[in-house]
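Asker:
In my numbering, the protein residues as written are 12 to 190.
1) With DSSP collapsed to three states, give me the class of residue 46.
2) Please classify residue 140 as buried or exposed, where buried requires at least 16 other C-beta atoms within 10 Å of its C-beta.
3) In three-state terms, what does DSSP make of residue 66?
4) Below 8 Å on the Cβ atoms is my guess for residue 79 versus residue 109; work out the distance and round it to an integer in Å.
5) Quickly, what does DSSP pair residue 156 with across the bridge? List them, please.
6) Using beta-carbon positions only, say whether residue 56 and residue 187 come within less than 8 Å of one another.
7) Enumerated in chain order, which unbroken segments of the beta strand (DSSP E) with a length of 3 residues or greater are wholly contained in the stretch 79-143?
8) Would DSSP call residue 173 helix, strand or coil?
9) Taking buried to mean at least 16 other C-beta atoms within 10 Å of its own C-beta, is residue 142 buried or exposed?
10) Please report the Cβ distance between residue 107 and residue 50, rounded to the nearest whole angstrom; I am assuming they are in contact, meaning their Cβ atoms lie under 8 Å.
11) Rounded to whole angstroms, what's the CA-CA distance from residue 77 to residue 144? Just pull it up for me.
12) Roughly how many whole angstroms lie between the Cα atoms of residue 121 and residue 47?
13) Measure the Cβ-Cβ separation of residue 72 and residue 58 and say whether it is below 8 Å.
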């Protein structure tokens with residue numbers, strides 16, 4: 012009978028297509044609510060460099076906090092250069108290359124995220140005079156960095172040594188806003 016056949020066809024069609032009729036239209040599918048997802052991103056801000064309490068550098072810089080698991084980020088500063096101003100037009104450009112401090116574990120308290128991390132850079136060339144460079148090793152320590160909303164506060168201490176002799180600590184303070 013044609014009427015029964017049409018009903019069977021509609022029943023089969025409805026069973027086949029029914030799962031495709033219900034789709035999500037929400038915009039929250041890509042929202043990452045993990046600790047690292049909340050802070051990961053590109054930050055634009057200012058890098059202030061101090062030697063023995065004296066400010067020797069202040070420049071605009073972008074950096075990235077890159078998700079590394081649910082509860083950790085990598086701090087990445089591409090082409091990291093410090094122009095150390097020693098006064099009287101004496102500026103020493105120090106290139107640290109691409110700086111990456113990996114697996115900085117995040118902790119959350121009162122809506123604010125904090126993290127620490129460290130890495131070591133070997134054989135950084137510091138120009139002392141034309142044609143004269145001093146190879147140094149740098150221990151980069153991030154201590155008590157905070158992300159509060161879109162604001163990043165990133166204190167870095169760079170311990171500089173040569174031939175296993177500590178030469179100085181360079182204090183770097185980065186403050187930025189998530190883009």
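Just so you know, even glycine gets a beta-carbon here, dropped at the ideal spot from N, CA and C.
Answerer: Taking the geometry as given:
1) In the chain shown, counting from the first residue as 1, residue 46 sits at position 35. Helix.
2) Here the question's residue 140 lines up with position 129 in the chain shown. A residue is called buried once 16 or more other Cβ atoms fall within 10 Å of its Cβ, and residue 140, having fewer, is exposed.
3) One-based indexing of the chain shown puts residue 66 at position 55. Strand.
4) The residue given as residue 79 occupies position 68 in the chain shown. The residue given as residue 109 occupies position 98 in the chain shown. Their Cβ separation, rounded to whole angstroms, is 16 Å, which puts residue 79 and residue 109 out of contact at 8 Å.
5) Taking the first residue of the chain shown as position 1, residue 156 is located at position 145. In the DSSP output, where bridge partners are listed per residue, residue 156 has 126.
6) On the chain shown, position 45 is the one that residue 56 refers to. On the chain shown, position 176 is the one that residue 187 refers to. With contacts defined by Cβ atoms closer than 8 Å, residue 56 and residue 187 form a contacting pair.
7) Correct list: 83-96, 102-120 and 123-140.
8) As a first step, residue 173 is located in the chain shown; it is residue number 162 there, counting from the start. Taken through DSSP and simplified to helix, strand or coil, residue 173 comes out as strand.
9) The sequence position of residue 142 within the chain shown is 131, counting from 1. Per the 10 Å Cβ criterion, exposed.
10) Locating residue 107 in the chain shown gives position 96, counting from the first residue. Locating residue 50 in the chain shown gives position 39, counting from the first residue. Incorrect: roughly 23 Å between the Cβ atoms, too far for contact.
11) In the chain shown, residue 77 corresponds to position 66, counting from 1. In the chain shown, residue 144 corresponds to position 133, counting from 1. Going from the Cα of residue 77 to the Cα of residue 144 covers about 33 Å.
12) As a first step, residue 121 must be located in the chain shown, where it is residue number 110. As a first step, residue 47 must be located in the chain shown, where it is residue number 36. So the alpha carbons of these two residues sit roughly 16 Å apart.
13) Taking the first residue of the chain shown as 1, we reach residue 72 at position 61. Taking the first residue of the chain shown as 1, we reach residue 58 at position 47. Closer than 8 Å, so yes.
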